[in-house]
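**Student:** Numbered by UniProt numbering, the letters in the sequence shown go through residues 1 to 635 in order.
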Amino acid sequence: MSPTRSRQESSESFTIRKLSGYERQASLTLLQSAAQCSRLDRCATCTYRPEPARPNFCSEAQNVGVSSVGLQHGALIAFIAVPLPSQTYTRPCRFGPSHRSSVHVVSHFGFFAQGPIPTLTKMNWTTRLALFASLSLLVASAAAQSGSGSAVTCLVSQYLDTDTNECVNYENQGVKASTDFDTAIDSGNTAWMLASGALVMIMTPGVAFFYAGLAGEDMASNTMMMSFVSMALVSIQFWAFGYSAAFSSHGIFGWAGYNNVREVPSGTYGTGIPHVLFAFFQTQFATLTPALLSGGIVGRMKFGSYLLFILLWTSLVYDPLARWMWSLKLDGSWEITALGWEGKMGSFDFAGGTVIHISSGFGALAAALMVGKRYNHGDPVKPHNVPLVMIGATLLWFGWFGFNAGSSGAADGIAATAAINTHLAASAGFLTWVGLEFAMYKKFDPCGAASGAVAGLVAITPACGYVYPWASVIFGVVGAITGFGAVHMKNHLRYDDTLDSFGIHGCAGVMGGLMTGLFATSEVNPNIEGGAFYGHGMLFVHQLVSQCVAAAYSFVVTIIILYVLKITIGLRVDEDKEVNGIDVSYHGGLAYDYSAQDHNGPAVKAANPPSSDFASMMTPSMTQESVQKEPIVNV
């Protein structure tokens, strides 16, 4: 036998070992991963019953007094109180390359080596509790997967007949190139979507840097953590049930835990890309949205309350909005149709102007009102680190190419159009904001320029795959004007949207969605009819309805979530913690460690950052003369 064959057979076998010396305390652990029914006549399951082997099924263990039940993605733990045979049996368990079942038998658990009962009684209560919780979660997950697996999983060339609960072939098989999943994957599209997902992931750190630079120095760590924690927490939420709630065509929990989300095309989302890759791409969208919202409440919300808030907000606001706009299904004639009411109505959102920017912008406004103003609201928040702002804006601009062009789902002409439209809109927004600030203040503010670029990017997001490049310049200009006006209107309305999430994302997002109803054209994207400027005025009406509903829904549900949290666990940090700096209270210290060297002694920590006023940095022993002789270096 060749070494290659030996390794393969070893990895596809099960072994039963005798536990010598322990007749009544023998333990057997069978860890069995689920083997789904193959679409190409592969081995369907693996059973362990005292019956003859069946065709197309794996061989069974002989002379074993154990009966196991096949669990999807679960595990069976059996404790056997009878002697096991002294021989070791090894039988190959054949599966196709896409779905393998590896079965391993371990001789014993460490704590069962001397028998289960005596050892359990010696455990302290925390160990028992941990063991009980682990086993409970194991059984619960197996039961949940078995329950969800009771719903029939059909081939991509079939659909589920809900009346008979059976898979039925599509009537129009001719439109499908192949039912072989290996050949259905397009390597070019897959590579592009992998890169796009990574680009969108970069945007969340970009938001963290952008917001942290704009915020005060005593809240920089808090501002960055509010973005980074979203990347971790919402990713788990989206895997557990969020993706299923937003996109599943098999019920809200049909794809929970990525059940039936595999490395084969979904037949619905994307063009020749693995379904799990589309899920990865959409996960990055979900993690970004709460990070954008956080700009309205930085520096004054309890961090624990914020964690629970973004978990609830993603589940109750983002997931429903994504389902209304983007969820799809295949009908019996291989036609893709919308599941959500906004999609059925005919509203369009190419990359998230409604689902992401309007929801986060109006959610930020609601959160700012519910959490309340900063205690020092009279003092405007001035950017403390301009380079950090520009780095964040650069990461956002760069990541937005994956955000917008990747939403095409394929490496095609529409993706290329979306990419150039993205760049032109950002450039136009950048220049427009700079021009407006120079006209009003005679200054070229780099932070304002960065905000203008982001406003232009927000405006083009819903339309980037539907409009001509010349129209994207208009989107960028109008988006920057809208954001600039909303930011300055905040000072008159006196709400404390600290980092202007509502003005830049909410207002510019609404404007971009409405303009999509005017400038969209089938000449750019043949999948749509076009907007009002191309003879289809109803698209503007549909866009107007969609924007209003999304804005109102996000605002109202955010108010409800925060009100419940306010009366239960509270929202605001204590006044002294906020005034002294939330970074010290929640994150272990300031983001920066400034030191000023006293001429007569060791370095003295300064709680405040260097400012343009040198006098504010002097120690009592320093004089104006010494400052002139030894200028202070800005760290």
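Using N, Cα and C, we set each Cβ at its ideal position, and we do this for glycine too.
1) What ranges does the alpha helix (DSSP H) occupy inside the region 525–606, keeping only unbroken runs of at least 4 residues that lie completely in it?
2) For Asn421 and Phe540, I'd like the C-alpha separation in whole angstroms.
3) Can you tell me the Cα-Cα spacing of Val458 and Leu424, whole angstroms?
4) From Ser187 to Ser266, what distance separates their C-alpha atoms?
5) For Val487, collect the residues of the same chain with a Cβ closer than 8 Å to its Cβ; drop the 5 residues on either side in sequence, then sort them by chain order.
6) Select from Ala212, Val454 and Ala279 the residue whose C-alpha is nearest the C-alpha of Phe241.
7) Output yes or no for whether 8 Å exceeds the beta carbon distance between Ala351 and Pro462.
8) Return helix, strand or coil for Leu339, following the three-state DSSP convention.
9) For Gly570, which residues from the same chain have a beta carbon less than 7 Å from its beta carbon, with the 5 sequence-adjacent residues on both sides left out?
10) In angstroms, rounded to a whole number, what distance separates the CA positions of Asn491 and Ser294?
11) Hey, Thr558 and Met511: beta-carbon distance below 8 Å or not?
12) In terms of residue numbering, what span does the beta strand (DSSP E) encompassing Lys329 cover?
13) Give a yes or no on contact between the region 304–321 and the region 546–560, applying the rule of three or more CB pairs nearer than 8 Å.
14) Any idea which residues DSSP pairs Cys447 with across the strands?
15) DSSP state of Glu217, grouped into three classes?
16) Does DSSP classify Glu166 as helix, strand or coil?
17) So Met201 and Gln284 are supposed to be a Cβ contact under 8 Å. How far apart are they, rounded?
18) Sort Leu292, Ala366, Ser359 and Arg300 by Cα distance to Met325 and report the nearest one.
19) Kindly list the residues whose CB is nearer than 8 Å to the CB of Pro446, restricted to its own chain and excluding five residues on each side of it in sequence; keep chain order.
20) Among Tyr495, Val467, Ala455 and Asp497, which residue has its Cα nearest to the Cα of Val477?
21) Under 8 Å, do Ala291 and Ala208 count as touching if we go by C-beta distance?
22) My output table needs one value for Thr521: the three-state DSSP class, helix, strand or coil.
23) From this set, Glu523, Asn189 and Ala184, which residue's C-alpha is nearest Ala410's C-alpha?
24) Do Thr268 and Met231 have their C-beta atoms closer together than 8 Å?
25) For Ile561, which residues in the same chain have their Cβ closer than 7 Å to its Cβ, ignoring the five residues on either side in sequence?
26) Look at the Cβ atom of residue 663, then the Cβ atom of Ala338, and state whether they are nearer than 8 Å.
27) With 16 other CB atoms within 10 Å as the buried threshold, where does Tyr243 fall?
28) Would Thr432 and Val524 be called neighbours here (beta carbons separated by less than 8 Å)?
29) For His542 and Met225, what's the separation of their Cα atoms in angstroms?
30) Around the Cβ of Cys507, are there at least 16 other Cβ atoms within 10 angstroms (buried) or fewer (exposed)?
31) Which one of Gly465, Phe484 and Ala426 has the shortest CA to CA distance from Met440?
32) For Met301, which beta-bridge partners are listed by DSSP?
33) What whole-angstrom Cβ distance do Phe533 and Leu544 have, given they're in contact under 8 Å?
34) Among the residues of its own chain, which have a CB less than 6 Å from the CB of Gly448, if the five just before and after it don't count?
35) With Met538 and Phe475 assumed to form a contact (beta carbons below 8 Å), what rounded beta-carbon distance in angstroms separates them?
36) Can you grab the Cα-Cα spacing for the pair His536 / Tyr211, in whole Å?
**Tutor:** In this structure, then:
1) The alpha helix (DSSP H) runs of length 4 or more contained entirely in the region 525–606 are, from start to end of the chain, 538–568, 575–580 and 582–587.
2) As a position in the sequence shown, residue 421 is number 421, starting the count at 1. As a position in the sequence shown, residue 540 is number 540, starting the count at 1. Approximately 20 Å between the Cα atoms of the pair.
3) For the purposes of this step, residue 458 is taken as residue 458 along the sequence shown, with counting starting at 1. For the purposes of this step, residue 424 is taken as residue 424 along the sequence shown, with counting starting at 1. When rounded, the distance between both Cα atoms is 12 Å.
4) Looking up residue 187 in the sequence shown gives position 187. Looking up residue 266 in the sequence shown gives position 266. Ser187 and Ser266: Cα-Cα distance of roughly 15 Å.
5) Counting from 1 along the sequence shown, the entry for residue 487 is found at position 487. Once the five neighbours on either side are set aside, the close Cβ partners of Val487 are Ser451, Asp500, Gly503 and Ile504.
6) Translated into positions along the sequence shown, residue 241 becomes position 241. Out of Ala212, Val454 and Ala279, Ala279 has the C-alpha closest to the C-alpha of Phe241.
7) Start at 1 with the first residue of the sequence shown, and residue 351 comes out as number 351. Start at 1 with the first residue of the sequence shown, and residue 462 comes out as number 462. Taking 8 Å as the Cβ cut-off, Ala351 and Pro462 qualify as a contacting pair.
8) Taking the first residue of the sequence shown as position 1, residue 339 is located at position 339. If DSSP states are grouped into helix, strand and coil, Leu339 belongs with coil.
9) Taking the sequence shown and counting its residues from 1, one reaches residue 570 at position 570. Answer for Gly570: Lys302 and Ser305, listed in chain order.
10) Here residue 491 refers to the residue found at position 491 when the sequence shown is read from its first residue. Here residue 294 refers to the residue found at position 294 when the sequence shown is read from its first residue. Cα-Cα distance, rounded: 19 Å.
11) For the purposes of this step, residue 558 is identified with residue 558 of the sequence shown, where counting begins at 1. For the purposes of this step, residue 511 is identified with residue 511 of the sequence shown, where counting begins at 1. Not closer than 8 Å, so no.
12) Counting from 1 along the sequence shown, the entry for residue 329 is found at position 329. Element bounds for Lys329: Leu328 to Leu330.
13) Cβ pair count under 8 Å is three or more, so yes.
14) Counting from one through the sequence shown, the residue named residue 447 turns up at place 447. In DSSP, Cys447 forms no bridge with anything.
15) Position 217 of the sequence shown, counted from the first residue, corresponds to residue 217. The answer is helix: DSSP assigns Glu217 an H, G or I state.
16) Along the sequence shown, one-based indexing puts residue 166 at 166. Of the three classes helix, strand and coil, the one that applies to Glu166 here is strand, per DSSP.
17) For the purposes of this step, residue 201 is taken as residue 201 along the sequence shown, with counting starting at 1. For the purposes of this step, residue 284 is taken as residue 284 along the sequence shown, with counting starting at 1. Yes, they are in contact, since the Cβ atoms of Met201 and Gln284 sit about 5 Å apart, within 8 Å.
18) For the purposes of this step, residue 325 is taken as residue 325 along the sequence shown, with counting starting at 1. Met325 has its Cα closest to that of Ser359, out of Leu292, Ala366, Ser359 and Arg300.
19) One-based indexing of the sequence shown puts residue 446 at position 446. Val386, Val389 and Met390.
20) Here residue 477 refers to the residue found at position 477 when the sequence shown is read from its first residue. The residue with the shortest Cα to Cα distance from Val477 is Ala455.
21) Within the sequence shown, numbered from 1, the residue matching residue 291 stands at position 291. Within the sequence shown, numbered from 1, the residue matching residue 208 stands at position 208. Going by C-beta atoms, Ala291 is nearer than 8 Å to Ala208.
22) Within the sequence shown, the letter at position 521 stands for residue 521. Reduced to three states, the DSSP call for Thr521 is strand.
23) Counting from one through the sequence shown, the residue named residue 410 turns up at place 410. Measuring from the Cα of Ala410, the nearest candidate turns out to be Asn189.
24) Along the sequence shown, read from residue 1 onward, the residue named residue 268 stands at position 268. Along the sequence shown, read from residue 1 onward, the residue named residue 231 stands at position 231. Their beta carbons are not under 8 Å apart, which means Thr268 does not touch Met231 by this criterion.
25) On the sequence shown, position 561 is the one that residue 561 refers to. Excluding sequence neighbours, Ile561 sits near Phe309, Leu312, Trp313 and Leu316.
26) Residue 663 cannot be examined here, being either before or after the span of the chain that is shown, 1 to 635.
27) Looking up residue 243 in the sequence shown gives position 243. Classification of Tyr243: buried, given that the 10 Å Cβ count is 16 or more.
28) Your numbering for residue 432 matches position 432 in the sequence shown. Your numbering for residue 524 matches position 524 in the sequence shown. The Cβ atoms of Thr432 and Val524 do not sit closer than 8 Å to each other.
29) Mapped onto the sequence shown, residue 542 falls at position 542. Mapped onto the sequence shown, residue 225 falls at position 225. Distance between the alpha carbons of His542 and Met225 is about 38 Å.
30) Position 507 of the sequence shown, counted from the start, is the residue given in the question as residue 507. Looking at its Cβ environment, which holds 16 or more other Cβ atoms inside 10 Å, Cys507 is buried.
31) Translated into positions along the sequence shown, residue 440 becomes position 440. Met440 has its Cα closest to that of Phe484, out of Gly465, Phe484 and Ala426.
32) In the sequence shown, the residue the question calls residue 301 occupies position 301. DSSP, once it has assigned bridges, lists Arg572 as partnering Met301.
33) Locating residue 533 in the sequence shown gives position 533, where the first residue counts as 1. Locating residue 544 in the sequence shown gives position 544, where the first residue counts as 1. Their Cβ separation, rounded to whole angstroms, is 15 Å, which puts Phe533 and Leu544 out of contact at 8 Å.
34) Working through the sequence shown from its first residue, we reach residue 448 at position 448. Closer than 6 Å at the Cβ level, and outside the excluded window around Gly448, lie Trp433 and Glu437.
35) For the purposes of this step, residue 538 is taken as the residue at position 538 of the sequence shown. For the purposes of this step, residue 475 is taken as the residue at position 475 of the sequence shown. Not really, about 21 Å apart at Cβ, beyond 8 Å.
36) Counting from 1 along the sequence shown, the entry for residue 536 is found at position 536. Counting from 1 along the sequence shown, the entry for residue 211 is found at position 211. Going from the Cα of His536 to the Cα of Tyr211 covers about 40 Å.
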